[in-house]
Structure formats: C-alpha cells, structure tokens
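Only one structure is covered here, and it is reproduced in the block below.
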Amino acid sequence: MRFTFVTLFPQLVEGYFSASILGRAIEEEKLSIDFRNPREYTKDKFNRVDAPMIGGGAGMLMTPQPLMDTLDTLKATSPEAHIIFLTPVAKRFTQNDAKRLAKKRHIVLVSGRYEGIDERVIEAQADEVFSIGDYILTGGELASMVLCDAISRNVEGVLGNSESLQVESFEAPLLEAPSFTKPTVYEENAVVSEFLKGNHSKITDLKRGLALCKTKYFRPDLYKKGITDEK
Ligand code: SAM
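As numbered in my numbering, residues 1043 to 1273 make up the sequence shown, in order.
Now the structure itself:
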C-alpha cells in the first residue's frame, strides 16, 4: 500500500516511519511512503504558497494553485489515488475508517498549514476529509501521521501477529480489558489472580467483564453501543 504525504514540511514526517513496526513494513515493501511539497509546484515568482484571507480574518491561507497542481500531477500518474484532507472541520477519524481505508491501494494525505487551505481546493480534490479531534494543531502533519499509522496497522502483513487486531479497543466496540505482563507481583501489586490459572474460557469471560467495566467508566457512549449490538 502506498501513502503520499502532501506537506510543506516533509521533514516533520520522515523520521516517524524510519523505525519500529512501520519502518520494517516499509523495508519489507508492504508499505511505501513518499512526499510532495506544494512549494515545488508554485508558480508565484516569490515562491509563495500562502496569501491573506479574502474578506478579512487573521492569518494566511494556503493558495489554490500549488495544491491543485500537486494533486492533479499525482492523480495523472496514480488514478486510484484516494485523496484525504486533514482539517478540524470534518467528522472524527475512527478505527472503522482505519480498517476500511486499509483496503485502498494509494492514499494521499493533505496537510494544511497557516490558517488552513482555500476551500475551493478541498471541494475540488477531496475524496474524504477527517479531523483527529476537537482541538487545533499548527498543521496537518501530525493528523496525517495519525491516519497513516492507524491505517497501516490494518494492512495485511504489517503486524507480526494479526490476531492482536481482533482483540483491541474499539472492536465489539468495547475498550480493551486491563493487561499485565511479568512480573506477576510488582511492588506488592499482583496481577488479577485468575489470569495465572490457565483456564482460558474463564479468563475470556473475566476479560469481557473487565472490558465492560472500563468502557462503562471511560466511554459510556461505546458501552451503550456494545450492549445494544449484543441484543
Ligand atoms: N483555521 C482553522 C480552523 O479554525 O478550523 C485551523 C487551521 S490549523 C491552524 C492548520 C491546519 O492544521 C489545518 O488546515 C489542518 O490541516 C490541520 N489541523 C489542525 N487541527 C486539526 C485537527 N484537529 N484534525 C485534523 N487536522 C487538523
């Protein structure tokens, strides 16, 4: 699967994908990542990619031409490119979106900067728009990396143990039950004793109960959905 980051600051993104699980997936050619910088497409004689807002307002906006040309060039060589803009003015990205998008062949993640992007670019080019939460970041790069990471984990072969995808938070759609590792007692705190007894059906039931408690406490919205789905 291919990801293209459209960003004025590729250096903010590059390092993240050089190590760990995603770094290995890139080495093994299960994923590939490339970059397009709209500044390289600008026709402005001073190399500008931003301008003041028409109608007033604080700050600058990314102008249409560099982004339009960047995306048109990309689409000309990759007609299957699925173009996603990151913006706070959109629905929230979820695990279901990550799973759905993992089936695409080429995803393009467009990061805004300054006060954002001229709306006409989004209208003309976006297949989808996503927010990662109700707060404002200085740019879309972190949000693009969040999507790329979450989608990549669902691409076949990227995780060593794909079973872990099936028991993670938001499946079922509960939060994951508390988990423990060695040592069984740490500074007088013992793990749940039932987890040590090897009765797997009992452990599964117990984990389900703990997942329900945790979800009810932290995410009553998901808890309600989980209970309704079961009926
Ligand atoms: N003026 C915009 C507003 O009030 O909605 C905020 C622009 S923000 C400073 C600059 C860029 O950061 C946006 O174009 C977008 O790409 C990115 N961004 C900021 N917050 C985000 C969020 N919560 N989710 C996704 N992208 C975000």
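From the three backbone atoms N, C-alpha and C, an ideal C-beta is built for every residue, glycine too.
In this text the structure is predicted, and so the values were computed from the model without any measurement.
Just reading off the alpha helix (DSSP H) that R1162 is part of, what are its end residues?
1161-1167
Integer Cβ distance of P1080 from P1108, believed to fall under 8 Å
4 Å
Helix, strand or coil for A1232? Go by DSSP, reduced to three states.
strand
Please report how far the alpha carbon of C1190 lies from the alpha carbon of I1125, in whole angstroms.
13 Å
Per DSSP, cross-strand counterpart(s) of A1093:
L1103
If we count Cβ pairs, one from each stretch, closer than 8 Å, do we get three or more for the region 1183-1203 versus the region 1132-1150?
yes
What are the partner residues of D1076, as DSSP defines its beta bridges?
T1046
A1118 to G1098 span [Cα, whole Å]
35 Å
L1201, DSSP secondary structure in three states
coil
Please report how far the alpha carbon of T1084 lies from the alpha carbon of G1181, in whole angstroms.
19 Å
Compute the Euclidean distance between the alpha carbons of E1071 and G1065, then round it to the nearest angstrom.
10 Å
Tell me the DSSP secondary structure of V1209 in three-state form.
DSSP places V1209 outside both helix and strand once states are collapsed to three, so it counts as coil.
Does ligand 1 have even one heavy atom less than 6 Å from the beta-carbon of G1175?
At a cut-off of 6 Å, the beta-carbon of G1175 counts as near ligand 1: some heavy atom of the ligand is closer than that.
Check: S1186 C-beta below 6 Å from any heavy atom of ligand 1:
no
Can we count S1120 as close to ligand 1, meaning its CB is less than 6 Å from some heavy atom?
Flag unset: Cβ of S1120 not near ligand 1.
So is F1127 in contact with chain C if we call contact Cβ pairs under 7 Å?
Chain labels in this structure do not include chain C; a single protein chain is all it has.
Do you know how far the Cα of F1127 is from the Cα of D1160?
C-alpha of D1160 to C-alpha of F1127: approximately 12 Å in a straight line.
Thinking C-beta only, is T1105 closer than 7 Å to D1076?
Cβ distance not < 7 Å, so D1076 and T1105 don't count as in contact.
I'd like to know whether the C-beta atoms of N1203 and K1141 end up nearer to each other than 7 Å.
no
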